[in-house]
Amino acid sequence: MLSELTPQPADKILELMQLYRDDPREGKVDLGVGVYKDADGRTPVMRAVKAAERRLVETQETKAYTGLAGDPAFTEAMRRLVLGDAVEAGRVAVAATPGGTGAIRQGLELMRYADKDATIWISSPTWPNHLTIVKYLGIPMREYRYFDGESRGVDFAGMMEDLKGVKAGDLVLLHGCCHNPTGANLTVEEWASVAALLEATGAVPFIDIAYQGFGDGLDADVEGVRLLAGRLPEMVLAASCSKNFGVYRERTGVLMTVARNGADRDSAQATLAFLNRQNYSFPPDHGARVVQMILDDDDLRADWQEELEDVRLGMLDLRQQLAAELRQRTNSDRFDFVAQHRGMFSRLGCSPEQVMALRKDHGIYMVGDSRINIAGLNARTVPVLAEALVAVGA
Ligand code: LMR
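First residue of the sequence shown: 1, per UniProt numbering; consecutive thereafter.
Here you go:
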């Protein structure tokens, strides 16, 4: 049996992580995997997470199983964090999942279980793991234009043109905020146009939101998502806590569905629990409980929000520094888009050869499509990157 296996190509982002680790050069710069790093290159455990973990160790009396859909206090806290008052709680089903990837996987399984012929529409480009999971599950897929390679903004006209092809019951995968890999995002007006298109066609949005709080703020980042939730009869939403709570390895996330009515919501909730049972039974609890303790405690929550805001503003500052350095060195505003992009990533628009030269000649690691992790920079390395970009002719 095992000799029948064909090894799949390695995930490009994770492969890059290893190449970086293996590079012995001093002064190498890691702009690869989407993990937040402070100015010293550390990924700290957030203060509120540490405090909640201490409290949890003191007070937790059992490690017995939770519910199949996870701890209801966690799923409720996440519903409020993401959807707020956009839609009545009685229409929302939520289940805890192992991280955002687990939520995406479960959401796609739910979609396939409900209608195996439905097509999922995915932005071009997108996070590579979206494509591989969809392919692995054998779900019909179409791509829609998203990124304008010239302006490095959203090609909204192209996107809407392509999405005219959606049919009732299709799903449209949208990044809730902080688009990965491009950093280019929809305006609220554009979200409203997408809502109108989905309303008119009867297609269902599948939101992936992994960076709430990293763009324009915790509430601002979900304005588009809430607009869709408030207007459309149905929605599927995968949310990750990996980045905004910094609990990457705890695998903490949720899958939510918004249904037309309470009866549909109950069926969806039962299906989410069923799908969890088929795949891993009970979802991981440690990260979920820590997140819930933070969200439900005024002091912990205030401290978390303050630290998250510092992280967000720090990344914005790095964006501005990089855009300014590049403006000066190229004597042009070609790279001003870096300051306009939001979230952890920007796609710079370098060629594969330039990306390779940056790695080989300058020890600067970015994903092959020239996606950079802004948080991988600091005041020292911003000019280093700017200079290297000019040197490779970007
Ligand atoms: C990324 O895009 O770098 C992150 O979401 C990490 C990952 O799992 O790929």
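We put the beta carbon where it would ideally sit given N, CA and C, even for glycine.
Member of the options whose CA lies at the smallest distance from the CA of residue i
i, options, result
"W191", "L218, L5, G183 and F156", "F156"
"G183", "I374, L358 and D170", "I374"
"A103", "P283, L295 and G314", "P283"
"A388", "G368, I372 and A357", "A357"
"residue 395", "G363, L83 and E26", "Residue coverage of the chain in this structure runs from 1 to 394, which leaves residue 395 outside it and unanswerable."
"A89", "N261, V222, T66 and V247", "N261"
"E309", "F214, A288 and L163", "F214"
"R289", "L31, D40, G32 and T62", "T62"
"S267", "V92, L5 and Q354", "V92"
"Q106", "V254, S3, M46 and A73", "V254"
"L137", "G153, T126, I120 and A39", "I120"
"A48", "Y365, P352, D298 and G368", "D298"
"P24", "R359, V390 and E353", "R359"
"A339", "G153, V82, D40 and A394", "G153"
"V194", "L275, M159 and A263", "M159"
"P383", "E53, R142, L275 and R327", "R327"
"K243", "M141, N279 and G34", "G34"
"H341", "A323, I13 and C350", "A323"
"C350", "F274, D38 and G149", "G149"
"residue 395", "N279, F274, V236 and I294", "With the chain covering only 1 through 394, there is no way to say anything about residue 395."
Separation of residue j from residue i, as counted between CA atoms
i, j, result
"D333", "S151", "11 Å"
"P7", "R347", "29 Å"
"residue 445", "Q321", "Because the chain spans 1 through 394 in this model, residue 445 falls outside it and cannot be assessed."
"E161", "V172", "14 Å"
"T59", "D296", "16 Å"
"A114", "L108", "10 Å"
"A10", "F147", "25 Å"
"E72", "D361", "Per the sequence presented here, residue 72 reads as Pro, with Glu not at that position. Their backbone Cα atoms lie some 52 Å apart in a straight line."
"N129", "H179", "14 Å"
"T257", "L232", "12 Å"
"A238", "R329", "41 Å"
"E26", "R380", "14 Å"
"R277", "I122", "28 Å"
"A51", "P205", "36 Å"
"V355", "V45", "31 Å"
"A210", "L5", "32 Å"
"G67", "E76", "13 Å"
"W127", "A200", "27 Å"
"A64", "C241", "23 Å"
"M17", "I372", "13 Å"
"R301", "Q269", "28 Å"
"A229", "T101", "21 Å"
"T252", "L227", "25 Å"
"P98", "E307", "24 Å"
"R145", "V57", "48 Å"
"I13", "F345", "13 Å"
"R142", "M1", "33 Å"
"R55", "A96", "21 Å"
Status (buried if at least 16 other CB within 10 Å, exposed otherwise) for residue i
i, result
"N185", "buried"
"K167", "exposed"
"Y36", "buried"
"D208", "buried"
"D336", "exposed"
"K292", "It is worth fixing the name first, because residue 292 is Gln in this sequence and not Lys. Q292 comes out buried."
"K116", "exposed"
"residue 430", "The question about residue 430 has no answer, for the chain in this structure spans 1 to 394."
"G165", "exposed"
"S370", "buried"
"E223", "buried"
"Q212", "buried"
"L19", "exposed"
"E353", "exposed"
"R265", "buried"
Within 8 Å, strictly: CB atoms of residue i and residue j
i, j, result
"L377", "L318", "yes"
"V29", "L316", "no"
"A118", "G169", "yes"
"H286", "E325", "no"
"A69", "L272", "yes"
"V94", "M111", "no"
"G343", "T43", "no"
"G176", "V134", "no"
"V367", "P125", "no"
"L174", "Q305", "no"
"L31", "Y365", "yes"
"E234", "A259", "yes"
Residue i beta carbon near the ligand MG (any heavy atom closer than 7 Å)
i, result
"V33", "Absence of the ligand MG is noted for the structure shown, with the ligand LMR being the only ligands found."
Per DSSP, the bridge partner or partners of residue i
i, result
"P205", "V172"
"V94", "M256"
"N373", "F345"
"F147", "V154"
"A239", "I209 and V254"
"M141", "I120"
"V29", "I364"
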